[in-house]
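Chemist: FYI, the numbering for the first sequence is 42 to 441, going by the numbering used here.
Cβ coordinates follow ideal geometry from the N, Cα and C atoms, glycine included.
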Amino acid sequence: MVKIGQFFENYLKKESFFIDKSVLFSNYVPDEIIFREEQLQEIANILAPTLRLENPSNLFIYGKTGTGKTISIKHILNSISEIASNNKIPFKPIYINCKLKKVADTEYRLIARLIEEFGQEIPSTGLPTDEVYNIFYKLLDKEKQIVLLALDEIDQLTKKIGDEILYNLTRINSELKNSQICLIGISNNLVFAENLDPRVKSSLSEEEIIFPPYNALQIQDILKRRAKKAFKEDTIQIGVIEKCSAYAAREHGDARRAIDLLRVAGEIAERSGSHIVDMSHLDEAEKKVESDKVISTAINQPKQFQSVLYSILFIAPQKKSFFTGEIYEVYKNLCKQTRLNVLTQRRISDILAEFDMQGIIHATIISKGRYGRTRDISLSIDENIVIKLKEVLEKSLNLT
DNA sequence: AGGTATTCACATGAAACTATTCTCTGAGTTAGG
DNA sequence: TAACTCAGAGAATAGTTTCATGTGAATACCTGT
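(1) Should TYR351 go down as buried or exposed, given a rule of 16 or more other Cβ atoms within 10 Å for buried?
(2) Could you tell me which whole beta strand (DSSP E) segments of length 3 or greater appear in the segment 204-292?
(3) What's the call for PHE48, buried or exposed, on a 16-neighbour Cβ count within 10 Å?
(4) How far does the beta strand (DSSP E) with HIS316 in it reach, from first residue to last?
(5) Find out if the Cβ-Cβ distance for the pair ILE60, LYS265 is shorter than 8 Å.
(6) Report the residue from LEU155, ILE277, LYS183 whose alpha carbon sits nearest the alpha carbon of LEU224.
(7) Roughly how far, in whole angstroms, is the beta-carbon of ASP417 from the beta-carbon of THR405, given that I think they are within contact range, below 8 Å?
(8) Does HIS316 pass the burial test, meaning 16 or more other C-beta atoms within 10 Å, or should it be called exposed?
(9) Between ARG77 and SER113, what straight-line distance do the alpha-carbon atoms span, to the nearest angstrom?
(10) Can the beta-carbon of PHE58 be found closer than 8 Å to that of GLU327?
(11) Between ILE202 and ILE45, what straight-line distance do the alpha-carbon atoms span, to the nearest angstrom?
(12) Identify the residues that DSSP records as bridge partners of HIS403: which are they?
(13) What separation, rounded to the nearest whole angstrom, lies between the Cα atoms of ALA271 and ILE277?
(14) Between the C-alpha atoms of LEU53 and LYS329, what's the straight-line distance to the nearest angstrom?
(15) Residues bridged to ARG414 by DSSP?
(16) Going by Cα to Cα distance, which pick from SER419, LEU118, GLY307, SER348 is closest to SER63?
(17) If you drop the 5 nearest sequence neighbours on each side, which residues of the same chain put their C-beta closer than 6 Å to that of GLU309?
(18) The beta strand (DSSP E) that contains ALA191, what's its start and end?
(19) Which partner residues does ILE137 have in the DSSP bridge list?
(20) Whose C-alpha, out of THR111, THR365, LEU237, is nearest the C-alpha of SER408?
(21) Can you tell me whether DSSP reads LEU100 as helix, strand or coil?
(22) Classify HIS293 as buried or exposed, calling it buried when 16 or more other Cβ atoms lie within 10 Å of its own Cβ.
(23) Is PHE48 helix, strand or coil when you go by DSSP?
The following block contains the structure:
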């Protein structure tokens with residue numbers, strides 16, 4: 042008890058590096074967005090007609106993760122709605138991230154979410170979908186207004202449930218008397234629109250804007266600005282920011298990653314009692330960010346997924362690559378031990394495909410000629426994470 | 001030797017099924033007038 | 001008679017299973033030289 046008390050005492054006395062850590066979290070919207078002036082201007086041009094109550098063109102935004110799409114849209118929505126409310130213009134910005142599970146990842150839930158935006162509750166299940174649509178229409182058309190609907194990670198949505206909703210949404214306008222709705226699609230899949238229904242495609246991508254990745258120098262600038270707000274002066278060793286941005290630039294210029302990295306490095310430094318954030322903290326942060334990502338995705342998977350993953354980890358040290366069938370055999374034995382019911386190979390195949398998508402494994406479909414066709418699978422997780430991951434999975438699956 | 005046909009071991013797709021959660025509806029029940 | 005209870009019908013959704021079809025190239029099997 043005394044020790045813990047002492048710890049808190051010391052903790053208080055110790056000075057923090059941070060002035061305002063929230064600046065380094067990914068949901069922070071800075072009041073100035075650098076290196077995106079062109080795109081911002083373009084978006085502004087396209088959306089400006091809303092202020093005159095004219096319906097603007099639908100807009101589509103492409104760009105990889107961490108290239109500032111989300112932040113830019115949020116920024117623009119904020120400033121339009123500010124001006125709109127100053128001038129009493131009936132304008133309603135809605136931002137929805139379609140990837141959020143249980144929130145907006147199905148047709149029903151997306152519409153339900155929209156209805157919520159208009160201040161009405163909808164049961165999470167039980168109602169027929171067209172009923173929900175009707176409520177939405179009525180709500181939307183009750184008064185004259187322009188709705189700007191930004192759908193982030195829209196590719197996730199269509200991947201899961203097809204493009205019917207988008208078709209419905211683009212068509213809504215012709216059925217509304219008072220309101221107009223304008224869609225802004227945000228996707229980090231550059232070829233997303235290719236496999237959309239042509240009708241949807243043409244009406245959704247009336248305007249397209251591409252967000253290119255940042256280069257190392259730009260990330261450096263962004264980091265410096267954020268760091269200035271987040272950290273106290275002279276708490277970061279020279280070179281740390283440079284290295285941090287180099288890390289991130291290496292992976293297609295993901296600014297979000299760089300910012301995350303910097304924050305974690307700061308946290309590590311603080312905890313270790315150092316008076317400055319130095320390179321070693323950064324290195325450690327990189328490891329931690331990586332392993333946290335892997336472990337938290339693993340932990341959040343259902344039991345069956347965990348079993349399959351564990352089976353993979355079991356084989357991995359023995360061979361550099363292995364096939365679906367081998368994993369299935371191991372998995373079947375594992376299920377016997379854990380008393381889980383055994384899923385069909387068909388299902389395992391899908392699970393493996395998902396792991397591949399998540400980047401946990403690397404799988405290529407190969408043909409072994411006379412000996413069939415299968416996935417050639419190799420683990421793409423760092424070795425020292427594997428050990429930790431294995432422990433975590435054993436605990437979760439109640440293995441001894 | 002060169003060409004063709006087979007064949008393996010899965011991949012991939014579509015549809016149907018199961019279980020769970022939740023609403024809505026209408027029949028039956030109850031308490032008070 | 002109004003309010004309440006409760007079972008059953010319908011929906012949405014996630015996670016599977018079942019059935020059906022596809023597939024790339026190493027081998028087996030010919031064929032003609």
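Modeler: Considering the structure as presented:
(1) So TYR351 ends up on the buried side.
(2) 221-228, 248-252
(3) Only exposed fits PHE48, as fewer than 16 other CB atoms lie within 10 angstroms of its CB.
(4) Per DSSP, HIS316 belongs to no beta strand (DSSP E) and is neither H nor E.
(5) no
(6) LEU155
(7) 5 Å
(8) By the 10 Å Cβ count, HIS316 comes out exposed.
(9) When rounded, the distance between both Cα atoms is 8 Å.
(10) no
(11) 52 Å
(12) SER419
(13) 11 Å
(14) 25 Å
(15) SER408
(16) GLY307
(17) Residue 309 is actually Ile in this sequence, not Glu. Here the set comprises HIS322, GLU325, ALA326.
(18) 187-193
(19) Per DSSP, LEU192.
(20) THR365
(21) In the structure shown, LEU100 sits in a strand (DSSP, three-state: E or B).
(22) exposed
(23) Correct three-state label for PHE48: helix.
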